[in-house]
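At the far end of the sequence shown sits residue 565, using our numbering, and the numbering has no gaps.
Backbone N, C-alpha and C fix where the C-beta goes; we use that ideal spot for every residue, glycine too.
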Amino acid sequence: MSDEAAIFVGASDVDQYLLLKYGNRHGLIAGATGTGKTVTLQTIAEGFSAYGVPVFMADVKGDLSGVSQPGGDNPRAVERARQMGIEGYAGRTFPTAYWDLFGEKGHPIRTTVSEVGPVLMARLLQLNETQEGVLNIAFKVADEQGLLLLDFKDLQALLQWLAENASQLTTEFGNVSKQSVGTIQRQLLMLDQQGGEGFFGEPALDLADMIRCDAAGLGTINVLAADRLMQSPRLYGTFLLWLLSELFEALPEVGDLEKPRFVFFFDEAHLLFNDAPKALLERIEQVVRLIRSKGVGVYFITQNPLDIPESVLGQLGNRVQHALRAFTPRDQKAVKVAAETFRPNKKFDVAQAITELGVGEALLSFLDTKGVPTPVERCLIAPPQGRIGPVKDVERQAVMAASPLAGKYDKAIDRASAYEVLTGRVSTGTQTTPGPAAGGTPRRRGQYGSVPQTPPTNPPAPSGPWGGRPQSPAETQPPSQESESPRVEPRLKKAQGPAPAPVPKAPAGRQRDSIGVTVAKAASRSMATIAAREAAKAIFGKGKAGSIGASVGGAVLRGVLGSILRG
Ligand SMILES: Nc1ncnc2c1ncn2[C@@H]1O[C@H](COP(=O)(O)OP(=O)(O)O)[C@@H](O)[C@H]1O
Ligand SMILES: [Mg+2]
């Protein structure tokens, strides 16, 4: 094998590596409960981090959170290292950012209603086609009237207004039935009760905060607390899908890099595909296919490979198959399918091996240096260096307090100063990483011992997350001027004369803040990126002005993006 940068994942009589340059060819980690999936995920994620690739993972059971703490003392991990002859095996910490939609176990993650868009929102609210149609009209109206849809209250107020003006709207936009509006409102209320409301609002997540390296050049491991989130599977699935589509939209095309820009681990992947309508499945399939060229790798983790649609399964180049049980006919089918996805190896019967694998043992096949899947090997999986299992509460608090993100999302901040925080923040590099244990030159390539640091593909630049970019008009336009632009008065209101229904309006303060924050967002993207983002919006069905218009603010839209959008 060549000496290309690679993550050491496991070994049979030969070592098995995941080549960094094919990290964006996606992957699969499958296997029954308790067979070692989470540990494998951790080993691979640590490997990416060690090579300067930031990753995101949902921590479904809380047992990935220990990655911020040094491991290496876990008896099973030590035993595994000994078995595999990993010289100099020792604990190591990884720069970790904790996130939590509910703001309890991590920095809160928020987005705006308009960023989520009607398609994902309809899925989140379990709307049927008619109701989705009404929701679409709501977004369209908001768009045309220049109304900002940030949080649930905005959407609720708009829906209320929709119901009260149903007949006029029906003439202009198509059927707006009060029943449908009522259903959407009830669904919103339900989601609200599940804690979903907190997800919508500001300050919205800045993806650059996930795509960063620490001072030592290690990629951030973003851990999303998902134990509580899993109790609302639809919110979980929709959130991850939203994040994936945000990455897709925000990152520019880069073609094939020597290592990915970002890697996204999608645990409990069946929740993404479960009863998803065909149109959504097609979009997911499309995003997974296209995101590769943006340097993003997506790794699905699931118990049963049958949970993943064939069109997606076929795109997963790097595969880890842990043990599956073969009790029921469905089990047996899963074993058969899993076995058939591998390039066979004369040394053993793949289907049989799948049912025999021990804990922390798996069938591996990665793309070789030519991009062809290697014949499947039956391997022991290398142990992680961070702690296996949960972080303690005090440790989590310490990591969060030391994080460069501390305070940015945690508390409601004076958003007038968010702009400075956003643009003036330079990587503080507070986290240090202990070097590898002294002595013992590793005889292997990989993440153990001293990793020869390749320069980060996307070092966090003070000027913006996506690297060098041309000066865009967004940077020269003072946001204050934008925020003072007069609002367009809703036409419908005019037509009606003094309308009894209040026209939904975001409070002026929030609107101004939002523009301030999002101007910073816009300024951190090049014009080309924004154009790409707009093209991408089409895939997820967000109206082009709907997304940018609402998030950046109608005024900025006219001033900065007008030329692009009007084409
Ligand atoms: N590669 C490994 N090296 C050492 N121990 C392992 C390995 N894989 C799994 N284990 C042990 O098995 C336990 C269960 O593995 P886990 O990854 O949590 O299973 P799953 O996610 O499939 O339910 C872990 O807590 C750990 O003790
Ligand atoms: Mg697990």
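Check	Outcome
Neighbourhood of PRO371 by C-beta distance below 8 Å, restricted to the same chain and skipping five residues each side	GLY315, ARG317, PHE340, ARG341, SER363, PHE364, LEU365
Helix, strand or coil at GLN166 according to DSSP, with G and I counted as helix	helix
Three-state secondary structure (DSSP) of HIS105	strand
Three-state secondary structure assigned by DSSP to PHE54	strand
Inter-stretch contact at 8 Å, needing at least 3 Cβ pairs: the segment 263 to 275 / the segment 52 to 63	yes
Short Cβ contact (8 Å threshold) for GLN319 with GLY69	no
Distance cut-off 7 Å: THR36 Cβ against heavy atoms of ligand 2	yes
DSSP-derived helix/strand/coil call for ASP98	strand
ASP1 burial status per 10 Å Cβ neighbour count (16 or more: buried)	exposed
Reference ALA30; option with closest CA among VAL374, GLY358, PRO381, ARG385	GLY358
Three-state class that DSSP yields for ALA536 in the structure shown	With a pLDDT of 46 at ALA536, under the threshold of 50, the modelled position of that residue is not reliable, and the figure given next carries that caveat. Of the three classes helix, strand and coil, the one that applies to ALA536 here is coil, per DSSP.
Chain-order list of residues whose beta-carbon lies under 8 Å from that of GLY34 (same chain, five-residue window excluded)	HIS320, VAL357, GLY358, GLU359, ALA360, ILE379
ASP207 versus LYS344: straight-line alpha-carbon distance, rounded	47 Å
Sufficient close CB pairs (3 or more, under 8 Å) joining the segment 35 to 46 to the segment 297 to 313	yes
DSSP three-state assignment for ILE289, whether helix, strand or coil	helix
Cβ neighbours of GLY196 in the same chain (closer than 8 Å, five flanking residues each side left out)	LEU99, PHE100, GLY101, PRO106, ARG108
Cβ-based neighbour list, ILE135, same chain, cut-off 8 Å, excluding 5 preceding and 5 following	LEU160, LEU167, PHE171, GLY172, VAL174
Beta-carbon gap between LEU147 and LEU186 smaller than 8 Å	no
Of the residues LEU18, ASP11, SER10, ALA9, the one placed nearest VAL261, counting alpha carbons only	LEU18
Heavy atom of ligand 1 within 7 Å of ILE84 beta-carbon	no
beta-carbon LYS331 near ligand 2 non-hydrogen atom, thresh 7 Å	no
Closer than 8 Å to chain C by CB, PRO373	The structure shown contains no chain C, having only a single protein chain.
ILE182 and VAL132 closer than 8 Å at C-beta	yes
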